[in-house]
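Here is the structure we will look at, set down as structure tokens.
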Amino acid sequence: NAGVTQTPKFRILKIGQSMTLQCTQDMNHNYMYWYRQDPGMGLKLIYYSVGAGITDKGEVPNGYNVSRSTTEDFPLRLELAAPSQTSVYFCASSGQVFGEQYFGPGTRLTVT
Amino acid sequence: DQQVKQNSPSLSVQEGRISILNCDYTNSMFDYFLWYKKYPAEGPTFLISISSIKDKNEDGRFTVFLNKSAKHLSLHIVPSQPGDSAVYFCAAKETSGSRLTFGEGTQLTVNP
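Chains A and B supply the protein sequences, listed in that same order.
The C-terminal residue of the first sequence carries number 150 in our numbering, and the numbering is unbroken.
The C-terminal residue of the second sequence carries number 870 in our numbering, and the numbering is unbroken.
Set out below in structure tokens:
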């Protein structure tokens, strides 16, 4: 049981490039989330999904897009990368509204 | 607007002593609170939670206290162990949603 997996672990992008951060969970959870963590800060919610085909914005959605075509996968797309998107990105899932969230190991992204 | 705040960025304690991590919140709609622990280069892992209908919840060496009138919660770790050294995040949610709001985190260091 792998839980929540994220790829890649590290990535360096040039300004203006785009990329997709992959997230997969094998726990059959309906709820999935994308967070970013900047140094010395808590986790900020970017986007979340309550089920396949349903997504909604979090606190900091600008510059990102998501899709949820299956229960398992919740990719995060960065278009036109900017230095302000340098951060560590965490994907998480939960099985119910009151359930705790399970996090992936994170993707460290640097935009230069 | 920081709705969940952890005012101490760091805390250092001796092995065997008590660690007390604090968290304040401003949103009176929050009614479920969680603590997560994070080691370097890993995703956060769930530690313990408490519902607003309780004022205390215990799990082994970890106890969370909730003071609703003061909008304050704390995590007690007794006795502290070197393996407890990590960043601890406080998080809160409303009954009506699945989204978590995180504090900035407190780096706990337990010295042998």
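Beta carbons are placed, not taken as given, at the ideal position from N, Cα and C, and that holds for glycine.
It should be emphasised that the depicted structure is a prediction, and the values quoted were computed from it without experimental measurement.
When DSSP reads this structure, D782 of chain B sits in a beta bridge with B:K763 and B:H830. Pairing F112 of chain A with G774 of chain B, the inter-Cα distance amounts to about 42 Å. In this structure, DSSP gives S105 of chain A a state outside helix and strand, which the three-state scheme calls coil. Shown here for Q761 of chain B: same chain residues with a beta carbon closer than 7 Å to its own, the five before and five after excluded, namely Y783, T784, N785 and T859 in chain order. One alpha carbon belongs to Q60 of chain A, the other to T45 of chain A, and they sit about 5 Å apart. Note that the stretch 837–847 of chain B touches the stretch 785–795 of chain B; at least 3 beta-carbon pairs, one per stretch, sit closer than 8 Å.
Nearest CB-CB separation between E138 of chain A and chain B: below the 8 Å threshold.
Contact annotation for L866 of chain B against chain A: no contact, minimum CB-CB distance about 15 Å [criterion: below 7 Å].
The bridge partners DSSP lists for N815 of chain B are B:V822.
Residues of the stretch 82–101 of chain A that bring their beta carbon within less than 8 Å of a beta carbon in chain B comprise K82, L83, Y86, V88 and G96, in sequence order.
Identification of residues in the stretch 854–865 of chain B having a C-beta nearer than 9 Å to some C-beta of chain A yields S854, G855, S856, R857, L858, T859, F860, G861, E862 and G863, given in sequence order. Per DSSP, the unbroken beta strand (DSSP E) holding V149 of chain A starts and ends at T145 to V149. Taking Q865 of chain B as the centre and dropping the five residues before and after it, the same chain places the C-beta of S768 and V845 closer than 6 Å to its C-beta, in chain order.
K82 of chain A sits close to V98 of chain A, with the two beta carbons spaced by under 8 Å.
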